[in-house]
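Chemist:
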Amino acid sequence: MEIEKNRIIYNDIKGFLDKHFPENYNESKEYEDCFHITVYSQEKEDSSVWFEFDIGNSELIVGYGISHIHYGKQYGIKISEGLNRLLDFFTTKMKRTDYYKDKVNFKNVYEIKRENGTYENLGTSSMLFLYPFWKKTTKKVTEHSELIKDENIKTELEKIRERINNVC
C-alpha cells in the first residue's frame with residue numbers, strides 16, 4: 757500500500773512539473789521505480805534543486821546543490837517531510853556561498869530563506885586538503901530566486917502539499 761501512495765504522490769509532482777516546467781527539468785530513471793529529477797528556473801539559471809524518489813524502497817532524497825537529505829523509515833524521517841521540503845524549494849529563495857582560497861573553491865554553503873527573512877543552513881561541503889589554505893579567503897554569494905512566483909501556481913502547489921499530508 758505504501759508503494760502505491762508513493763507512486764500517487766510522485767505522479768502528482770511529475771504532472772505538476774509537466775504542466776508548469778515542461779522545458780525546465782530533466783528526469784532520469786535510475787532503475788525500476790527509482791527516478792532522479794533536476795529542476796531549473798524559468799530563466800534556466802543554475803538552480804540545483806533535485807530529488808530522487810525510490811518508490812519501491814520508500815526512500816526520497818531531496819537536494820540543493822551537493823547538500824541533500826535522505827527521507828524514509830530507514831532514516832527515521834517521514835517521506836512526507838521530504839516532500840514538503842521539496843515543495844519549499846519551489847517557492848522559496850535559496851542562496852549558495854562559495855568560499856575560495858586564491859582561485860580554488862574549497863567550501864560551499866547552501867541555505868534556504870525562511871519566512872522571517874533569515875537563512876537556514878541546508879548543508880556545507882568542503883575540501884580538507886589540496887588547496888592553498890594560507891591564502892586570503894574570498895567568497896562569492898549566488899542567490900537563486902524562487903522557482904515559482906505566480907500565486908495561482910503556488911495555490912496549485914499547496915493542493916499537492918495537502919494531498920501529501922493526507923496520503924503519506
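Position in the sequence shown (from 1) plus 756 gives the number in the numbering used here. Ideal Cβ positions, reconstructed from N, Cα and C, are used throughout, including at glycine.
(1) If you run the structure through DSSP and keep just helix, strand and coil, what is Leu884?
(2) Can you tell which of Thr911, Asn762, Glu912 has the C-alpha that lies nearest to the C-alpha of Lys834?
(3) Hey, would you say Val865 sits closer than 8 Å to Thr880, going by beta carbons?
(4) Could you tell me which uninterrupted beta strand (DSSP E) segments, each at least 3 residues in length, are contained entirely in the stretch 810–839, listed from first to last along the chain?
(5) By how many angstroms is the C-alpha of Leu843 removed from the C-alpha of Lys785?
(6) Am I right that Ile920 and Ile765 are in contact with their C-beta atoms under 8 Å? What's the rounded C-beta distance?
(7) Can you tell me whether Phe777 is helix, strand or coil according to DSSP?
(8) Mark Glu867 as exposed unless 16 or more other C-beta atoms lie within 10 angstroms of its C-beta, in which case mark it buried.
(9) Answer yes or no: do Ile793 and Phe807 have a C-beta to C-beta separation smaller than 8 Å?
(10) If I measure Cβ to Cβ from Asp854 and keep anything under 6 Å in the same chain, skipping five residues before and after, which residues do I get?
(11) How far does the alpha helix (DSSP H) with Arg933 in it reach, from first residue to last?
(12) Kindly indicate which residue of Tyr781, Phe777, Ile811 has the alpha-carbon position closest to the one of Ile759.
(13) Mind checking Glu918: buried by the 16 CB within 10 Å criterion, or exposed?
(14) Going by C-alpha to C-alpha distance, which of Gly873, Tyr827, Ser814, Ile769 sits closest to Val795?
(15) Whole-angstrom Cβ separation of Lys857 and Lys891, contact assumed at under 8 Å?
(16) Met883: buried (16+ other C-beta within 10 angstroms of its C-beta) or exposed?
(17) Indicate the three-state DSSP secondary structure (helix, strand or coil) for Lys785 in the structure shown.
Modeler: For this structure:
(1) Here residue 884 refers to the residue found at position 128 of the sequence shown. Coil at Leu884, not helix or strand.
(2) As a working mapping, residue 834 is identified with position 78 in the sequence shown. For the residues Thr911, Asn762, Glu912, the minimum Cα distance to Lys834 belongs to Asn762.
(3) As a position in the sequence shown, residue 865 is number 109, starting the count at 1. As a position in the sequence shown, residue 880 is number 124, starting the count at 1. Result yes, Cβ atoms of Val865 and Thr880 sit closer than 8 Å.
(4) 815–820, 823–827
(5) If you number the sequence shown from 1, residue 785 lands on position 29. If you number the sequence shown from 1, residue 843 lands on position 87. Near 21 Å, if we compare the C-alpha coordinates of Leu843 and Lys785.
(6) Here residue 920 is taken as the residue at index 164 of the sequence shown, counted from 1. Here residue 765 is taken as the residue at index 9 of the sequence shown, counted from 1. Contact holds; Cβ gap of about 6 Å.
(7) Locating residue 777 in the sequence shown gives position 21, where the first residue counts as 1. Phe777 falls in the coil class under three-state DSSP.
(8) Start at 1 with the first residue of the sequence shown, and residue 867 comes out as number 111. Looking at its Cβ environment, which holds 16 or more other Cβ atoms inside 10 Å, Glu867 is buried.
(9) Here residue 793 corresponds to residue number 37 of the sequence shown, with the count starting at 1. Here residue 807 corresponds to residue number 51 of the sequence shown, with the count starting at 1. The answer is yes: Cβ separation under 8 Å.
(10) As a working note, residue 854 is residue 98 in the sequence shown. Within the same chain, Cβ atoms closer than 6 Å to the Cβ of Asp854 are found at Asn861, Asn864, Lys896, the five residues on either side in sequence being excluded.
(11) An answer regarding residue 933 cannot be provided, because it is not within the stretch 757 to 924 covered by the chain.
(12) To locate residue 759, count along the sequence shown from 1; it is residue 3. With distances taken between Cα atoms, Ile759 lies closest to Ile811.
(13) In the sequence shown, counting from the first residue as 1, residue 918 sits at position 162. Label assigned to Glu918: exposed.
(14) Residue mapping note: residue 795 aligns to position 39 of the sequence shown, counting from 1. Per the C-alpha coordinates, the member of Gly873, Tyr827, Ser814, Ile769 positioned closest to Val795 is Ile769.
(15) Reading the sequence shown from its first residue, position 101 is the one you call residue 857. Reading the sequence shown from its first residue, position 135 is the one you call residue 891. Indeed they touch by this definition, with Cβ atoms about 4 Å apart.
(16) Looking up residue 883 in the sequence shown gives position 127. Classification for Met883: exposed.
(17) As a working mapping, residue 785 is identified with position 29 in the sequence shown. Looking at Lys785 - three-state DSSP - the assignment turns out to be strand.
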